[in-house]
Every structure is written in structure tokens, then in C-alpha cells.
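Quick notes on the structure that follows.
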Amino acid sequence: MNKPLPLATPTSEPFWEGLRAGEVRLQRCNACDRWIFYPRSNCPGCLSRDLAWSTVSGLGQLHAFTISRTPTAVFFTDEVPQKLAVIELDEGVRLTTTLVGVEESAIEIGMRVEPVFEPTDGGEGVLLRYRPTA
């Protein structure tokens with residue numbers, strides 16, 4: 076089943092472009108050096124508009140998770156149970172995602188994770204998922 080993708084905006088397009096290239100890209104404020112996620116026009120720390128995109132490793136740790144035994148949307152029926160997660164990247168930002176390649180019993184808060192770039196069924200986009208590091 077085709078998975079929905081958020082609509083890219085001029086502000087968020089570099090993030091989605093990075094995923095299509097197999098990269099995690101984050102904004103960084105040139106005024107205060109803060110890493111930023113989700114993509115924005117202004118730094119949430121100092122309100123500067125002087126932001127730049129950087130490719131990062133995407134590595135991080137599991138901050139929180141829950142197991143959903145009912146699909147969060149009809150598009151995810153084939154993924155039940157869903158392993159929904161909040162990942163804290165090494166740069167300090169947090170993002171929501173889905174864990175893949177791990178049994179429920181092996182999921183632990185604080186475990187190290189790495190990005191998985193999953194093409195959508197239609198091939199027009201890429202979803203960012205996470206799995207435990209080897």
C-alpha cells in the first residue's frame with residue numbers, strides 16, 4: 076500500500092531531497108549554532124533567519140517509544156503492530172519515526188539507532204525509519 080508523504084514546502088524541501096539521496100539533513104543556525112528540526116524559516120532559539128542545511132550521520136538514541144496494535148492510519152495497516160518512536164539525534168534534536176528490524180522485546184530506551192531510508196511503494200518519496208545499530 077502506498078504510504079502518504081507530507082507535502083514538501085520551500086522550507087522543508089532540502090530535508091526531503093536529502094532522504095531521497097540517502098542522507099539526513101538538518102538545519103543549523105549560523106547565528107547561535109543551534110541544530111534545528113523540524114525545518115523552519117527562523118531559528119527557534121534566537122529568531123535568526125540565517126539558517127543553513129548540513130548533512131549529518133542520522134545516528135542517535137531511542138528517547139521514547141510505544142507499540143500501537145491498531146494502525147495509526149489506514150496506510151499503515153500492513154505494519155501493525157507499529158513501533159512508534161522518538162529518536163534523539165546526536166545533534167540534540169528529536170524526531171518521530173517508526174522502528175524497523177527489531178523485535179518488541181529487544182526495544183530499550185537509550186539504545187543506539189541508525190537511519191533506514193525506505194522508498195515508498197510508488198517510488199516518489201522516501202520515509203525515514205530507524206533500526207538498532209549493529
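Each residue of the sequence shown is one higher than the one before, counting from 76 in the working numbering.
Just so it is clear, CB atoms sit at the ideal spot from N, CA and C, and this is done for glycine as well.
Residue i classed as buried or exposed, judged by whether at least 16 other C-beta atoms fall within 10 angstroms
| i | result |
| --- | --- |
| I142 | exposed |
| P114 | buried |
| T86 | exposed |
| I162 | buried |
| A160 | buried |
| L122 | exposed |
| V188 | buried |
Three-state secondary structure (DSSP) of residue i
| i | result |
| --- | --- |
| P89 | helix |
| F150 | helix |
| R95 | helix |
| V168 | coil |
| L202 | strand |
Cβ of residue i within 9 Å of any chain B Cβ
| i | result |
| --- | --- |
| C104 | The structure shown contains no chain B, having only a single protein chain. |
Spatially closest choice to residue i from the options, by CA coordinates
| i | options | result |
| --- | --- | --- |
| V175 | V155, I162, D165 and R204 | R204 |
| L134 | D196, L101 and R109 | L101 |
| R144 | H138, Q157 and L137 | Q157 |
| R124 | A106, A139 and F150 | A106 |
| T171 | A139, E199 and V149 | A139 |
Range of the contiguous beta strand (DSSP E) that encloses residue i
| i | result |
| --- | --- |
| T208 | Where T208 is concerned, there is no enclosing beta strand (DSSP E), given that its DSSP letter is neither H nor E. |
| V175 | That residue, V175, is in no beta strand (DSSP E); it is neither H nor E in DSSP. |
| E189 | R187 to P194 |
*Counting only runs of 3+ residues fully inside the region 100-165, write out the beta strand (DSSP E) ranges in chain order.*
126-131, 135-143 and 157-164
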